[in-house]
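Trainee: Let me begin by handing over the structure; questions about it come next.
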Amino acid sequence: MIKKYLYWLDSKNSKEETVAREMYSRIGHVFHIVQMIEYNVANILSIENTIDLKKETYSAEEFEIAKNKIANKYEQLAKETFGSLAKEAQNSPSLKRLVPTINCVVTKRNNIAHNCFKTKAFTSEHINIEDIEAFIEELNDYECDVYKLNEKVLKIFKRIKTR
Numbered sequence: 000m001i002k003k004y005l006y007w008l009d010s011k012n013s014k015e016e017t018v019a020r021e022m023y024s025r026i027g028h029v030f031h032i033v034q035m036i037e038y039n040v041a042n043i044l045s046i047e048n049t050i051d052l053k054k055e056t057y058s059a060e061e062f063e064i065a066k067n068k069i070a071n072k073y074e075q076l077a078k079e080t081f082g083s084l085a086k087e088a089q090n091s092p093s094l095k096r097l098v099p100t101i102n103c104v105v106t107k108r109n110n111i112a113h114n115c116f117k118t119k120a121f122t123s124e125h126i127n128i129e130d131i132e133a134f135i136e137e138l139n140d141y142e143c144d145v146y147k148l149n150e151k152v153l154k155i156f157k158r159i160k161t162r
């Protein structure tokens, strides 16, 4: 069964094809982390925009109402682009200090998503290993940045959701 997924590691394939497929996988992994950031930002904004975080206790009825409002707000925000969420985060007491980092992550994600395969070494006609190696360094740095940002946003989300 595993062969089905690793056929591209076959030694009969060119080095360029193997490297290109690895890069597609790496980009997918980084985009997954970015989507986790989006998810956590949307959840934080949903909570902050729906309930009074200074209120310490809720009755069972108030809790159910708040929970439904948060879920509805999340559904609304989940349809927004990452850039729109970043703009909303500017007004968030919890996320405000992370907005410059969020904006950088959004810009870089958009560049990779919309321009990477047009301007980098991933065209179907030719794969330039030297260009890919340079891009790997850039992607590694970006992966570190998105991982760190996700950890910070996740920490905020965990803190906010338990209030």
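Position 47 (the sequence shown) corresponds to 46 in numbering that gives the first Met the number 0; numbering is contiguous. For every residue, glycine included, the Cβ atom is placed at its ideal position computed from N, Cα and C.
1. Looking only at C-alpha atoms, which of 152, 160, 161 and 159 sits nearest to residue 36?
2. Short check: CB of residue 156 to CB of residue 42, under 8 Å?
3. What's the gap between the Cα of residue 79 and the Cα of residue 11?
4. Hey, how far is the Cα of residue 24 from the Cα of residue 39?
5. Starting from the C-beta of residue 22, find all residues in its chain whose C-beta is less than 8 Å away, skip the five residues before and the five after it, and write them out in chain order.
6. Within 10 Å of its beta-carbon, does residue 72 have 16 or more other beta-carbons around it, so buried, or fewer, so exposed?
Mentor: Quick answer:
1. 152
2. yes
3. 44 Å
4. 23 Å
5. 121, 131, 134, 135 and 138
6. buried
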